[in-house]
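>
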Amino acid sequence: MARIEDLAKVYERHIKLPWQRTVAGAQRIVMLVYEKEAERALRARLKNFEIATAEAGKTWRTVDITDSFAAWMAGEEYRDAYFEMPEDLQLKLDAEFAGFVADRIRLALTDPAVDEDTVVAVIGAGSLFGFTRLSRVLTLVEPDIRGRLLVFFPGQYEDNTYRLLDARDGWNYLAVPITMHGGGAQS
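Under my numbering, think of the first position of the sequence shown as 1, with each following residue one higher.
#1: Mind checking residue 161: buried by the 16 CB within 10 Å criterion, or exposed?
#2: Within this structure, are the beta carbons of residue 123 and residue 31 separated by less than 8 Å?
#3: Helix, strand or coil for residue 60? Go by DSSP, reduced to three states.
#4: If I measure Cβ to Cβ from residue 127 and keep anything under 8 Å in the same chain, skipping five residues before and after, which residues do I get?
#5: State yes or no: is the beta carbon of residue 92 nearer than 8 Å to at least one beta carbon in chain B?
#6: Look up residue 55 in the DSSP assignment and give the residues it is bridged to.
#7: Mind checking whether residue 119 and residue 22 have CB atoms under 8 Å apart?
#8: Helix, strand or coil: how does DSSP classify residue 13 here?
#9: With contact counted as at least three CB pairs below 8 Å, one residue from each stretch, are the region 127 to 145 and the region 105 to 119 in contact?
#10: From which residue to which residue does the beta strand (DSSP E) around residue 158 run?
#11: Measuring straight from C-alpha to C-alpha, what distance separates residue 9 and residue 95?
#12: According to DSSP, simplified to helix, strand and coil, what is residue 177?
#13: Could you please give the first and the last residue of the uninterrupted alpha helix (DSSP H) stretch that includes residue 98?
#14: Return the residue from the list 134, 112, 73, 125 that minimises the CA-CA distance to residue 154.
#15: Note down, in chain order, each residue of its chain lying with its Cβ closer than 6 Å to the Cβ of residue 79, except the 5 sequence neighbours on either side.
#16: Starting from the C-beta of residue 148, find all residues in its chain whose C-beta is less than 6 Å away, skip the five residues before and the five after it, and write them out in chain order.
#17: Should residue 175 go down as buried or exposed, given a rule of 16 or more other Cβ atoms within 10 Å for buried?
#18: For residue 62, collect the residues of the same chain with a Cβ closer than 6 Å to its Cβ; drop the 5 residues on either side in sequence, then sort them by chain order.
#19: Whole angstroms are fine: how far does the CA of residue 165 sit from the CA of residue 87?
#20: Give every residue of the same chain whose Cβ lies closer than 6 Å to the Cβ of residue 100, excluding the five residues on either side of it in the sequence, and list them in chain order.
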């Protein structure tokens, strides 16, 4: 799928730019926006982004959060009861799930091998839809970002607003967007 290769080239141009070291955590996040229909193609070509990162003299680390809900639910003592009464699950999701996902990402961000020249790439953001807001998870990990946090974002970016899986309600976020239209000029 040529769209993903083109997006990898835009990312490559962006990641080669010198990194500002004094920016806030939210500005260390790079949102790589692609059409939700391209998820499988993107996963098949993830190596292109890793290679571009290495060619820019940076290190790469991948965190796949696709199975986060299943992993979180498997650890819940009352999971069977939640399946019988799903409305009871919402309170638990609101209170704990974003933190669970953030902890998975934070584990990679704080690994001793990760430094200020590392890109920690998050894949599977679409799997959070309906369970928690990605913006909430990102806010929780901002203080732990040393280099850059690259979020593969299936959705849209328009007028400084991100919409995961093209959902109606989006959010305005300080992250650097990389889109097919050439976003990502700052680092």
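Each residue gets a CB set at the ideal place from its N, CA and C atoms; glycine is no exception.
On a predicted model such as this, the values are computed, not experimentally measured, just so you know.
Based on what the coordinates show:
#1: Flag for residue 161 reads exposed.
#2: The answer is no: Cβ separation not under 8 Å.
#3: Residue 60 falls in the strand class under three-state DSSP.
#4: Within the same chain, Cβ atoms closer than 8 Å to the Cβ of residue 127 are found at 65, 66, 67, 68, 69, the five residues on either side in sequence being excluded.
#5: You won't find chain B in this structure, because it holds only one protein chain.
#6: Residue 55 pairs with nothing; no bridge assigned.
#7: Pairing residue 119 with residue 22 gives a Cβ-Cβ distance that is not under 8 Å.
#8: Residue 13 falls in the helix class under three-state DSSP.
#9: Three or more pairs of CB atoms, one per stretch, sit closer than 8 Å, so the region 127 to 145 contacts the region 105 to 119.
#10: From DSSP, the beta strand (DSSP E) with residue 158 extends over 148 to 158.
#11: Taking the CA atoms as reference points, residue 9 sits about 39 Å from residue 95.
#12: It is a strand residue.
#13: Unbroken alpha helix (DSSP H) run through residue 98: 98 to 109.
#14: Ranking the options by Cα distance to residue 154, first place goes to 125.
#15: 73, listed in sequence order.
#16: 28, 30, 119.
#17: Buried, because 16 or more other Cβ atoms sit within 10 Å of the Cβ of residue 175.
#18: Beyond the five residues adjoining it in sequence on each side, residue 62 comes within less than 6 Å, by CB distance, of 121 in the same chain, given in chain order.
#19: Taking the CA atoms as reference points, residue 87 sits about 23 Å from residue 165.
#20: Excluding sequence neighbours, residue 100 sits near 72.
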